[in-house]
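Protein chains in written order, with the numbering used here: chain Y, 35 to 283; chain P, 35 to 283.
There are 2 protein chains.
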Amino acid sequence: LITSIKSITSILTSPFDFENKYSQIYKEISKLLPMDGMFLGLYLKENSLLHLIFIMNENQRFPEVTIPVESRIEKEALTKRRPVLKNNIKQSLNYLNNNHKVVRSTLAAPLIYRDQVIGLVSLQNYTSNVYLETHLEFLSLISGFITLDVINFILTKAREIEKNALKQLQKVSHELTQPLTGITGYCNLIREEISKDDPFFREISDMEEQALRLEKLIQKVQMTVHLNHSEIAKNNPYLNLLKILQLDE
Amino acid sequence: LITSIKSITSILTSPFDFENKYSQIYKEISKLLPMDGMFLGLYLKENSLLHLIFIMNENQRFPEVTIPVESRIEKEALTKRRPVLKNNIKQSLNYLNNNHKVVRSTLAAPLIYRDQVIGLVSLQNYTSNVYLETHLEFLSLISGFITLDVINFILTKAREIEKNALKQLQKVSHELTQPLTGITGYCNLIREEISKDDPFFREISDMEEQALRLEKLIQKVQMTVHLNHSEIAKNNPYLNLLKILQLDE
Chain Y
35 LITSIKSITS ILTSPFDFEN KYSQIYKEIS KLLPMDGMFL GLYLKENSLL HLIFIMNENQ
95 RFPEVTIPVE SRIEKEALTK RRPVLKNNIK QSLNYLNNNH KVVRSTLAAP LIYRDQVIGL
155 VSLQNYTSNV YLETHLEFLS LISGFITLDV INFILTKARE IEKNALKQLQ KVSHELTQPL
215 TGITGYCNLI REEISKDDPF FREISDMEEQ ALRLEKLIQK VQMTVHLNHS EIAKNNPYLN
275 LLKILQLDE
Chain P
35 LITSIKSITS ILTSPFDFEN KYSQIYKEIS KLLPMDGMFL GLYLKENSLL HLIFIMNENQ
95 RFPEVTIPVE SRIEKEALTK RRPVLKNNIK QSLNYLNNNH KVVRSTLAAP LIYRDQVIGL
155 VSLQNYTSNV YLETHLEFLS LISGFITLDV INFILTKARE IEKNALKQLQ KVSHELTQPL
215 TGITGYCNLI REEISKDDPF FREISDMEEQ ALRLEKLIQK VQMTVHLNHS EIAKNNPYLN
275 LLKILQLDE
């Protein structure tokens, strides 16, 4: 058991990507208990959906899919917030298109973080009466480590979105410079050609003032948006470590 | 041992903040082995520094501090990437100002993530010959879970910085509207007062065109910056879960 825990945590902290990590964990769990399938899902409570981020069935990987929470065992694990064992389920898993596999034994453990159910890890075997209470206890134990890793995964995905937004802002904020330079240029041109007594002199001067304000604000946008290259990033131990870990470019 | 592992993972996934989590883990470890102090540090390899994010010494918490990697046991754990046990160290820990405590037994385990040493967890006892190999194995085992939690902590800190940047950008991007409206207003004013044959008509029209381009770009900036309220966030399972977990406001 301790050996298994060691292997699983070393897989979770390894350089493999999410998919490969869980393929390895699947193999590791297979050594301890008989299984034909495993899935890992994020729970979207509001809509009562499970977004499956890892699906392995009879040694075959399936792509991500969102399914409604329908099966009794999943509902029970998610709403009663406890690991569940059922040894005689007669219901096929629709998203796997394996309607011929109607009998199964299943273990399901909720992933709980900060008192919130964030997901579910489930193991299946297409035979009845396969699982023991000790198997459930094992799944329940490792669900803790999996939870920490899934939170990592979620935070990384969220950062990807946010970093993409920042990248897009970098691009757009550079595009701001050109039209502004155009406006400033025209103002200069006009002001040089008119005298101080010209009725438009005041307007043009005011316009130049506004353009100057705009220029300063645009510089501020560009500076904030280049956060990653800034002194803040260099001196911050957290951003520094993310660079060392190559989680940031 | 299994009970201890369960307690530690349940603390790590609990709603407590970082400081309270590790105060509880300290208590939990104290049940298994004798210790007077514990620290958790991030390793800044480039500068050979440890940024200590949790320090407990004789039941007293100390604030975050950055120290040079000087002690032999720390160096060995960090550079040889393996857990180290020393039962007769004669060197006081300067950052604790406890020069009178010169003898100690220490355990140190590196935190390794994706093949990179990201930090160190260390336990101390102010008596010599206290620790056993089994103690070191235990620390080594839990260092895996701690690593996953520390990565979470780092990602969360990095997101805080990035989200602050986005917030600042939200503010500045709104300020862009006012001077732009000013410029557009003056252009309108001038154009209404001059005829198509006026020498400035062309310049003013061009200026208006540039102002329009600027307006569209500014709108793009404002939209990107309001990412969190957007449809993307609503339909993305990861951002959605972060809201459920109240890790995002």
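In this text, a Cβ means the ideal position worked out from N, Cα and C, and glycines have one as well.
Roughly how many whole angstroms lie between the Cα atoms of ASN91 of chain Y and TYR160 of chain Y?
10 angstroms
Taking the CB atoms as reference points, tell me whether ALA111 of chain P and PRO68 of chain P lie closer together than 7 angstroms.
No, these two residues do not count as a Cβ contact at 7 angstroms.
Where the alpha helix (DSSP H) through SER174 of chain P begins and ends
167 to 209
Taking ARG48 of chain P as the query, report the chain Y residues whose CB atoms sit under 8 angstroms from its CB, ordered along the chain.
Note on identity: in this sequence residue 48 of chain P is Ser, with Arg being the wrong assignment. Think of a sphere of 8 angstroms around the beta carbon of SER48 of chain P: the chain Y residues whose beta carbon falls inside it are ARG148, ASP149, in chain order.
Enclosing alpha helix (DSSP H) for VAL103 of chain P [first to last residue]
Careful: VAL103 of chain P lies outside any alpha helix (DSSP H) and carries neither H nor E.
Taking 6 angstroms as the cut-off, is the C-beta of PRO117 of chain Y nearer than that to any heavy atom in the ligand GDP?
Because no ligand of any kind appears in the structure shown, any question about the ligand GDP cannot be addressed here.
Alpha carbon of ALA199 of chain P to alpha carbon of ILE107 of chain P, nearest angstrom:
39 angstroms
Per-residue contacts from GLU237 of chain Y into chain P (C-beta, under 8 angstroms):
TYR220, LEU223, ILE224
Return the residues of the stretch 178 to 193 of chain Y that lie within a Cβ-Cβ distance of less than 7 angstroms from chain P, sorted by chain order.
Within the stretch 178 to 193 of chain Y, the residues whose Cβ lies closer than 7 angstroms to some Cβ of chain P are GLY178, PHE179, THR181, LEU182, ASP183, ILE185, ASN186, ILE188, LEU189, THR190, LYS191, ALA192, ARG193, listed in chain order.
Span of the alpha helix (DSSP H) holding PHE73 of chain P?
Here PHE73 of chain P belongs to no alpha helix (DSSP H); instead the beta strand (DSSP E) covers 71 to 78.
Would ILE278 of chain Y pass as an interface residue toward chain P - the criterion being a Cβ-Cβ separation below 7 angstroms?
Closer than 7 angstroms: yes.
Nearest-angstrom Cα distance between LEU74 of chain Y and VAL103 of chain Y?
Spanning the alpha carbons of LEU74 of chain Y and VAL103 of chain Y requires a straight line of approximately 13 angstroms.
Helix, strand or coil for TYR129 of chain Y per DSSP?
helix
Return the Cβ separation of LYS40 of chain Y and LEU175 of chain P in integer angstroms, given the expectation that the two are a contact with Cβ distance under 8 angstroms.
For a cut-off of 8 angstroms, the C-beta gap from LYS40 of chain Y to LEU175 of chain P is around 6 angstroms, short enough to register as a contact.
Please identify, using Cβ separations under 7 angstroms, the residues of the stretch 106 to 140 of chain P that lie next to chain Y, in order along the chain.
none
Determine whether the beta carbon atoms of LEU189 of chain Y and LEU141 of chain Y lie at a separation below 7 angstroms.
Against a cut-off of 7 angstroms, the Cβ pair of LEU141 of chain Y and LEU189 of chain Y comes out as no contact.
Paired residues, beta bridge with LEU119 of chain P - DSSP:
P:LEU141
Tell me which same chain residues have a C-beta within less than 7 angstroms of the C-beta of ARG193 of chain Y, skipping the five on either side of it?
Closer than 7 angstroms at the Cβ level, and outside the excluded window around ARG193 of chain Y, lies no residue.
Run the CB neighbour count on VAL136 of chain Y, radius 10 Å, all protein chains shown included, and call it buried at 16 or more, exposed below.
exposed
Taking 7 angstroms as the threshold (beta carbon to beta carbon), is ARG95 of chain P in contact with chain Y?
Interface criterion not met: the Cβ of ARG95 of chain P is under 7 angstroms from no Cβ in chain Y.
Contacts of LEU251 of chain P in chain Y (Cβ-Cβ under 8 angstroms)
In chain order: VAL206, GLU209, LEU210, PRO213.
Could you name the residues that DSSP lists as bridge partners for ARG95 of chain Y?
DSSP output for ARG95 of chain Y lists Y:MET90 as bridge partner(s).
Beta carbon of VAL155 of chain P, beta carbon of TYR129 of chain P: below 7 angstroms?
no
Under 7 angstroms, Cβ to Cβ, is there at least one residue of chain P near TYR313 of chain Y?
Nothing can be reported for residue 313 of chain Y, as the shown portion of chain Y is limited to 35 through 283.
Mapping DSSP to helix, strand and coil, what is SER156 of chain Y?
strand
Give the residues from the stretch 42 to 66 of chain P that approach chain Y closer than 8 angstroms (Cβ to any Cβ), ordered along the chain.
THR43, SER44, LEU46, THR47, SER48, PRO49
Less than 7 angstroms between the C-beta atoms of GLU242 of chain P and ILE224 of chain Y, yes or no?
no
Where do the N-terminal and C-terminal ends of the alpha helix (DSSP H) with ASP240 of chain Y fall, by residue?
Element bounds for ASP240 of chain Y: 235 to 259.
Are any of the Cβ atoms in chain Y nearer than 7 angstroms to that of LYS14 of chain P?
No statement about residue 14 of chain P is possible, as the shown extent of chain P runs from 35 to 283 and does not include it.
Spatial neighbours of LEU210 of chain P within its chain, please: CB distance less than 6 angstroms, with the 5 preceding and 5 following residues excluded, ordered by chain position.
ILE252
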